[in-house]
Amino acid sequence: MRFDILTVVPDLLDSPLNHSILKRARENGIAEIHVHDIRNWSTDRHRKVDDYPFGGDAGMVMQLQPVYDAIATLRSQRDYDEIIYTSPDGERFTQKMANTLSLKKNILVLCGHYKGIDHRVREHLVTREISIGDYVLTGGELAACVLCDAVIRLLPGAMGDETSALTDSFQDNLLAPPVYTRPAEFNGWRVPEVLLSGNPALIDEWQEQQAYERTRRLRPELLQE
Ligand code: ADE
8 MRFDILTVVP
18 DLLDSPLNHS
28 ILKRARENGI
38 AEIHVHDIRN
48 WSTDRHRKVD
58 DYPFGGDAGM
68 VMQLQPVYDA
78 IATLRSQRDY
88 DEIIYTSPDG
98 ERFTQKMANT
108 LSLKKNILVL
118 CGHYKGIDHR
128 VREHLVTREI
138 SIGDYVLTGG
148 ELAACVLCDA
158 VIRLLPGAMG
168 DETSALTDSF
178 QDNLLAPPVY
188 TRPAEFNGWR
198 VPEVLLSGNP
208 ALIDEWQEQQ
218 AYERTRRLRP
228 ELLQE
């Protein structure tokens, strides 16, 4: 699977996409991520990519031309299944969406920045707008990292333990049960006895019941979906 990310701040994406599971997935050829600086397509001699909004509001707006040309260049090289714009007014990102996106081949992510982007990009070029939550970030770069992270970890081989992505919170609309590791007792705090019992059926039953109980208490709306 391949991600192309268009941004005006490529450095912001550096660290999150180059460590741990994503780093390994990239090294093993499971995922490719290519980050492109939109300024490379600017025709301005100072590589400017923003301008004042028509109508005289405060803030700057990302211009149509550099984004149009960037998308045109990338599309001339391959077909994209989705051209996603990260924005607080997009569809709310969910585990289901991550699952669906993980089945795609080529995804182009356009990171919003400044006050926003010339609306013609959204009308004519973008196929989908995604928000990672009801709050406003300084730009869509962190949202793009969240999206890549959530999708790439689902790709076969990305995680050491093949089953662990399937037992995540949200995969069955339930929060994950609590987990513990050694020592079984620390500071007088004991791990639940059932986990030390060595009885897989009992442990399964306990984990299911904990998942249900935690969901009911912390995120009851998930049980309604
Ligand atoms: N850009 C700014 N805020 C955002 C959000 N909440 N989700 C996605 N992109 C954003």
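FYI, the numbering for the sequence shown is 8 to 232, going by our numbering.
The beta-carbon is built from N, C-alpha and C at its ideal position, and this holds for glycine as well.
(1) How would you call residue 123, buried or exposed, if buried means at least 16 neighbouring beta carbons within 10 angstroms?
(2) Counting pairs of Cβ atoms below 8 Å between the segment 85-94 and the segment 130-146, do you hit three or more?
(3) For the candidate residues 215, 211, 37 and 116, whose alpha-carbon lies nearest to that of residue 82?
(4) May I have the straight-line CA-CA distance separating residue 167 from residue 86, to the nearest angstrom?
(5) Using a threshold of 8 Å, state whether the C-beta atoms of residue 56 and residue 40 are closer than that.
(6) Do you know how far the Cα of residue 208 is from the Cα of residue 29?
(7) Relative to the C-alpha of residue 232, which candidate in 36, 203, 177 and 148 has its C-alpha closest?
(8) Go to residue 18, then tell me how far its alpha helix (DSSP H) extends in each direction, as first and last residue.
(9) Verify whether the separation of the beta carbon atoms of residue 302 and residue 222 is less than 8 Å.
(10) Please name the residue in 48, 114, 180 and 37 whose C-alpha comes closest to that of residue 101.
(11) Could you pull out every residue in the same chain whose Cβ sits closer than 6 Å to the Cβ of residue 151, ignoring the five residues on either side in sequence?
(12) Quick check on residue 48: buried or exposed, where buried means 16 or more other Cβ atoms within 10 Å of its Cβ?
(13) In angstroms, rounded to a whole number, what distance separates the CA positions of residue 199 and residue 227?
(14) Mind pulling the beta strand (DSSP E) runs of 3 or more residues that sit fully within the segment 100-156?
Concretely, from the data shown:
(1) buried
(2) yes
(3) 116
(4) 30 Å
(5) no
(6) 34 Å
(7) 177
(8) 18-21
(9) Within the shown structure, residues of the chain are numbered from 8 to 232, placing residue 302 beyond reach of any answer.
(10) 180
(11) 12, 93, 116 and 118
(12) buried
(13) 24 Å
(14) 113-118 and 135-138
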